[in-house]
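Each remark here refers to the structure printed beneath this line.
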Amino acid sequence: MRTWPGLAAIGAGLIHLGSAAGTSPAVLVPLALLGALELLWGVAALARTPVPAPVPAAVGIGLALVVGVVALLLPPSAARHGSMVDLGVPPSAFLGAGLLDLATGMLVALQLLRAGRTPGESRPVRFLLGAAAAAAVVAVVTTQSLAATSVGGTMQMH
Amino acid sequence: MPINQINPGTAFHRSPNRIIAFLFGGVYVLVGLLGFFWVNGVPFAGPGDGSNAIFGLFEVNPLHNIAHLLIGAALLIAGAGTAASARAANGTVGALYLLLGVVGFFLTAPDGGRSPINFLSLNVPDHILHLASALLLLATALGADRGATRATEQPEPQSTLHA
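Heads up: the protein sequence lines correspond to chains A and B, in order.
Using the numbering used here, read the first sequence as starting at 1 and increasing by one per residue.
Using the numbering used here, read the second sequence as starting at 1001 and increasing by one per residue.
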C-alpha cells in the first residue's frame, strides 16, 4: 500500500498532461503545470517514505479537485444560461483524474494516520502484489480517460 | 530488515526488484517469441490491419517483437544478477515504458492507429499493458531495495565446508 499514493498521482498527472495537448493556451498551461506537478510528486512519493510534503500535497490535491469539479460543471451551466464554453477536454478525463486525485488524498491521509506505527516485517511478494494491483487499476483508468481526449479520440481496440 | 533498506547480497526471494525483473523478463521474452506467429504479412515497422493481435488483443509487428525480446533479455540478465542491477534495469525500462505510454497515444491518434507513424503497431490494450508495466517497474525500482547499489551490494554468502 506504500506505493499506491505515488502511482495514483502519476496516473492523474498523465491524464492532465495528455488532455492538455491540443487545447487553447488558457487551458493548456494550467493543466500541463498541474500534470507535471502530480507526476513529479508521484515519483518522489514512490522514492520516499513517508510521502514528501504531505500538507502542500493535500492542498494541491484539494485545488486539483476543485478545478476538476468546476471544469465539469462549467459547460452545462453556461449552456443553461445561453452561452457556450468548450474547454476542449472531455468530462471523462476530468472524472478519471479526479478519481485518482481523490484516491491519492485518501491514501496520504491514511499513511499520515499510520505514521506512528512501526513498519511490519519485510514481505517482497506482498509488496509486489500490492504494487501490481495498484498499477493495473491506475493503468486502466488512465488509458480509458486518455482514450476520450483529442490524442486518443480515434483509437480503436484493435 | 525492511525491504526498502540496504540489504547486501540480497537473495532472490528477498529482493522485489530481482523477482519482478526475472518475472517480467520471462514474460516479455515469451511474448516476443509468441508474437512472431501473428505477424504474417505485417510491415516490419508499420501498423497491421488488426489481424496481427496476439490472442486478438495486443497488436504487434516484427519490430515490436524484437523490442520485447531485447527488453525481456535485459530484465532476465539483470534479475539473475544482483538487486542493484535489477533495480537499475527496472527503473530504466519503467521510465522508457512510461514515455511510450504517453507518446504511444500520439502515435496511434492519426487514422485510428493505421497511419505509418504508428511504427510499433500499438493499440489500446498495448497502451494499458505498457502503462501497467511502467508503473509496476518504477514503483519497485523506487520503492524497494533502496540502498542496493553496486558499491554497497556484496555477493551472496557461500556455504563453506570445514574438514
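Where is the CB? At the ideal position from N, CA and C, for every residue including glycine.
Bear in mind that the values here come from a model prediction, so they are computed numbers and not experimental data.
Best match in Ala1084(B), Asp1126(B), Asn1017(B), Ile1117(B) for proximity to phenylalanine 1055(B) [C-alpha to C-alpha]: Taking the first residue of the second sequence as 1, we reach residue 1055(B) at position 55. Each of Ala1084(B), Asp1126(B), Asn1017(B), Ile1117(B) was checked against the Cα of phenylalanine 1055(B), and the nearest Cα belongs to Asp1126(B).
Cβ neighbour criterion (16 or more within 10 Å) applied to phenylalanine 1036(B): Taking the first residue of the second sequence as position 1, residue 1036(B) is located at position 36. Result: exposed.
is_contact[threonine 1140(B), chain A] using C-beta, thresh 9 angstroms: Numbered from its first residue, the second sequence carries residue 1140(B) at position 140. So, interface residue.
Rounded separation between alanine 93(A) and histidine 16(A) - CA only: Translated into positions along the first sequence, residue 93(A) becomes position 93. Translated into positions along the first sequence, residue 16(A) becomes position 16. Distance from the CA of alanine 93(A) to the CA of histidine 16(A), rounded to the nearest whole angstrom, comes to 8 angstroms.
Test item: CB-CB of alanine 109(A) and alanine 1139(B) under 9 angstroms: The residue given as residue 109(A) occupies position 109 in the first sequence. The residue given as residue 1139(B) occupies position 139 in the second sequence. No. Outside cutoff.
Contact set between leucine 17(A) and chain B, taken where Cβ atoms lie within less than 8 angstroms: Mapped onto the first sequence, residue 17(A) falls at position 17. Within chain B, the residues placing a beta-carbon under 8 angstroms from that of leucine 17(A) are Val1102, ordered along the chain.
Alpha-carbon to alpha-carbon, leucine 1137(B) and leucine 1075(B): Within the second sequence, residue 1075(B) is the residue found at index 75, counting from 1. Within the second sequence, residue 1137(B) is the residue found at index 137, counting from 1. Distance between leucine 1075(B) and leucine 1137(B), taken at the CA atoms: about 11 angstroms.
Alanine 1084(B), DSSP secondary structure in three states: Translated into the one-based positions of the second sequence, residue 1084(B) becomes position 84. Three-state result, alanine 1084(B): helix.
Chain A contact for leucine 1129(B) (CB, 9 angstroms cutoff): Position 129 of the second sequence, counting from 1, holds the residue named residue 1129(B). For leucine 1129(B), the answer is yes, since a Cβ of chain A falls inside 9 angstroms of its Cβ.
C-beta neighbour in chain B for leucine 34(A), strict 9 angstroms: As a first step, residue 34(A) is located in the first sequence; it is residue number 34 there, counting from the start. So no, leucine 34(A) is outside the interface.
Beta carbon proximity, phenylalanine 94(A) to chain B, threshold 9 angstroms: Position 94 of the first sequence, counting from 1, holds the residue named residue 94(A). Not one chain B Cβ lies under 9 angstroms of phenylalanine 94(A).
Within 8 angstroms of chain A by C-beta, residues of the stretch 1072-1087 of chain B in sequence order: Residues: none.
CA-to-CA distance, proline 1043(B) to glycine 60(A), given in whole angstroms: Residue mapping note: residue 60(A) aligns to position 60 of the first sequence, counting from 1. Residue mapping note: residue 1043(B) aligns to position 43 of the second sequence, counting from 1. When rounded, the separation of the alpha-carbon atoms in glycine 60(A) and proline 1043(B) is 46 angstroms.
Cβ pair alanine 136(A), alanine 1095(B) closer than 9 angstroms: Position 136 of the first sequence, counting from 1, holds the residue named residue 136(A). Position 95 of the second sequence, counting from 1, holds the residue named residue 1095(B). Contact: no.
Beta carbon of glycine 6(A) nearer than 9 angstroms to that of glycine 1091(B): By 1-based counting over the first sequence, the position of residue 6(A) is 6. By 1-based counting over the second sequence, the position of residue 1091(B) is 91. A distance of 9 angstroms or more separates the beta carbons of glycine 6(A) and glycine 1091(B).
Sub-9 angstroms separation of isoleucine 1020(B) and histidine 1013(B) beta-carbons: In the second sequence, residue 1020(B) corresponds to position 20, counting from 1. In the second sequence, residue 1013(B) corresponds to position 13, counting from 1. At the C-beta level, isoleucine 1020(B) and histidine 1013(B) stay beyond 9 angstroms of one another.
Local conformation of phenylalanine 1058(B) per DSSP, three classes: If you number the second sequence from 1, residue 1058(B) lands on position 58. Residue state, collapsed to three classes: strand.
Backbone CA spacing between methionine 84(A) and alanine 1088(B) [nearest angstrom]: On the first sequence, residue 84(A) is found 84 positions in, with the first residue counted as 1. On the second sequence, residue 1088(B) is found 88 positions in, with the first residue counted as 1. The straight-line gap from Cα to Cα measures roughly 50 angstroms.
Residue-chain proximity (arginine 2(A), chain B), Cβ-Cβ < 9 angstroms: Numbered from its first residue, the first sequence carries residue 2(A) at position 2. Closer than 9 angstroms: yes.
Inter-stretch contact (C-beta, 8 angstroms, three-pair minimum) for the stretch 18-34 of chain A and the stretch 43-50 of chain A: No, because fewer than three Cβ pairs between the stretch 18-34 of chain A and the stretch 43-50 of chain A fall closer than 8 angstroms, the two stretches do not touch.
Limits of the alpha helix (DSSP H) - the one that tryptophan 1038(B) falls within: For the purposes of this step, residue 1038(B) is identified with residue 38 of the second sequence, where counting begins at 1. Premise fails: tryptophan 1038(B) is in no alpha helix (DSSP H) and is neither H nor E.
Span of the alpha helix (DSSP H) around serine 1121(B): Locating residue 1121(B) in the second sequence gives position 121, counting from the first residue. In this chain, serine 1121(B) is not harboured by any alpha helix (DSSP H), its DSSP state being neither H nor E.
Within-9 angstroms CB hit, proline 1016(B) to chain A: Counted from its first residue, the second sequence places residue 1016(B) at position 16. Against chain A, the CB of proline 1016(B) has a partner CB under 9 angstroms away; the residue lies at that interface.
Closest by C-alpha distance to glycine 1072(B), when choosing among Val1093(B), Ala1011(B), Asn1118(B), Phe1106(B): Translated into the one-based positions of the second sequence, residue 1072(B) becomes position 72. Out of Val1093(B), Ala1011(B), Asn1118(B), Phe1106(B), Val1093(B) has the C-alpha closest to the C-alpha of glycine 1072(B).
Alpha carbon of aspartate 86(A) to alpha carbon of alanine 1045(B), nearest angstrom: Walking along the first sequence from the start, residue 86(A) turns up at place 86. Walking along the second sequence from the start, residue 1045(B) turns up at place 45. The alpha-carbon atoms of aspartate 86(A) and alanine 1045(B) are separated by roughly 38 angstroms.
C-beta neighbour in chain B for threonine 23(A), strict 9 angstroms: As a working mapping, residue 23(A) is identified with position 23 in the first sequence. Chain B contact via Cβ: absent.
Alanine 1053(B) - DSSP class collapsed to helix/strand/coil: The count along the second sequence starts at 1 and reaches residue 1053(B) at position 53. In the structure shown, alanine 1053(B) sits in a strand (DSSP, three-state: E or B).
Cross-chain neighbours of valine 140(A) in chain B, by beta carbon under 7 angstroms: To locate residue 140(A), count along the first sequence from 1; it is residue 140. Here the neighbours are Ile1128.
C-beta contact flag for asparagine 1123(B) and alanine 1053(B) at 9 angstroms: For the purposes of this step, residue 1123(B) is taken as the residue at position 123 of the second sequence. For the purposes of this step, residue 1053(B) is taken as the residue at position 53 of the second sequence. Yes, they are a contact pair.
Counted within 10 angstroms of its Cβ, other Cβ atoms place asparagine 1040(B) as buried (16 or more) or exposed: Locating residue 1040(B) in the second sequence gives position 40, where the first residue counts as 1. If you draw a 10 Å sphere on the C-beta of asparagine 1040(B), you find fewer than 16 other C-beta atoms in it, and that means exposed.
Unbroken alpha helix (DSSP H) run spanning phenylalanine 94(A), endpoints: On the first sequence, residue 94(A) is found 94 positions in, with the first residue counted as 1. 91-113 is the span of the alpha helix (DSSP H), which, as asked, contains phenylalanine 94(A).
Contacting residues, own chain, Cβ-Cβ under 8 angstroms from glycine 88(A) (five flanking each side not counted): Taking the first sequence and counting its residues from 1, one reaches residue 88(A) at position 88. So the qualifying residues of the chain are Gly22, Thr23, Ser24, Val27, Ser150.
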